[in-house]
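In the numbering used here, the protein residues as written are 25 to 179.
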Ligand SMILES: CC(C)(COP(=O)(O)OP(=O)(O)OC[C@H]1O[C@@H](n2cnc3c(N)ncnc32)[C@H](O)[C@@H]1OP(=O)(O)O)[C@@H](O)C(=O)NCCC(=O)NCCS
């Protein structure tokens, strides 16, 4: 499914034709974007499993080029968690991140149990918190806790 959106935040004379594509991007695209901004990309096998079990994925394309992505894990009832929001450095500051978050929130509004309020969560580094605050996200007193658990497979 495709939905056309314009690159309204581009401050340059906009030559781009940004388009959201839903549930399309694959492990190669994920790894390409991850490697453009961070070290230590997870293995292709892990990424493939993660994408297969995400409830929603959205990416922004400039023509055939993927320039940003986000995905959501959740249960359609109580829990929605936005993960892996990445905009390629060449395209940051042009409204791509906004397109991704607004698309994620639209998905939740249209798929959650009607009439209920649903907590949408994500994890943000301190310098990215002002970006998420623009959409209404706010920190609370809860702290992120993490354990790296070694998977051993079925015996
Ligand atoms: C964070 C990130 C997703 C933002 O995407 P982006 O496309 O650059 O953001 P946008 O251009 O859509 O910005 C939307 C708004 O947020 C603001 N904004 C973006 N990044 C910001 C930041 N770090 N601090 C404060 N404001 C920010 C923009 O100024 C813009 O404001 P406006 O709508 O009032 O003009 C992008 O910088 C990125 O991918 N960074 C590397 C990966 C990363 O850290 N991801 C987040 C993991 S927590």
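Just so it is clear, CB atoms sit at the ideal spot from N, CA and C, and this is done for glycine as well.
Asked: Is any heavy atom in ligand 1 found nearer than 7 Å to the beta carbon of residue 154?; Found: yes
Asked: Does ligand 1 have a heavy atom nearer than 7 Å to the CB of residue 116?; Found: yes
Asked: Are the beta-carbon atoms belonging to residue 78 and residue 95 less than 8 Å from one another?; Found: yes
Asked: For residue 86, does the count of other Cβ atoms within 10 angstroms reach 16, so buried, or fall short, so exposed?; Found: buried
Asked: Could you tell me if residue 118 is buried or exposed, where buried requires 16 or more neighbouring beta carbons within 10 angstroms of its beta carbon?; Found: buried
Asked: Is there at least one non-hydrogen atom of ligand 1 closer than 7 Å to the beta-carbon of residue 42?; Found: no
Asked: In whole angstroms, what is the alpha-carbon distance linking residue 82 and residue 42?; Found: 13 Å
Asked: When every heavy atom of ligand 1 is checked, does at least one fall within less than 7 Å of the C-beta of residue 61?; Found: yes
Asked: Identify the continuous beta strand (DSSP E) that holds residue 105 and give its terminal residues.; Found: 104-111
Asked: Would you mind giving the Cβ-Cβ distance between residue 98 and residue 111, rounded to the nearest angstrom? I have them listed as a contact below 8 Å.; Found: At roughly 22 Å, the Cβ-Cβ gap does not stay under 8 Å, so residue 98 and residue 111 are not in contact.
Asked: Assuming residue 71 and residue 49 make a contact with CB atoms under 8 Å, what is their CB distance in whole Å?; Found: Not quite, the Cβ-Cβ distance comes to about 11 Å (not below 8 Å), so this is no contact.
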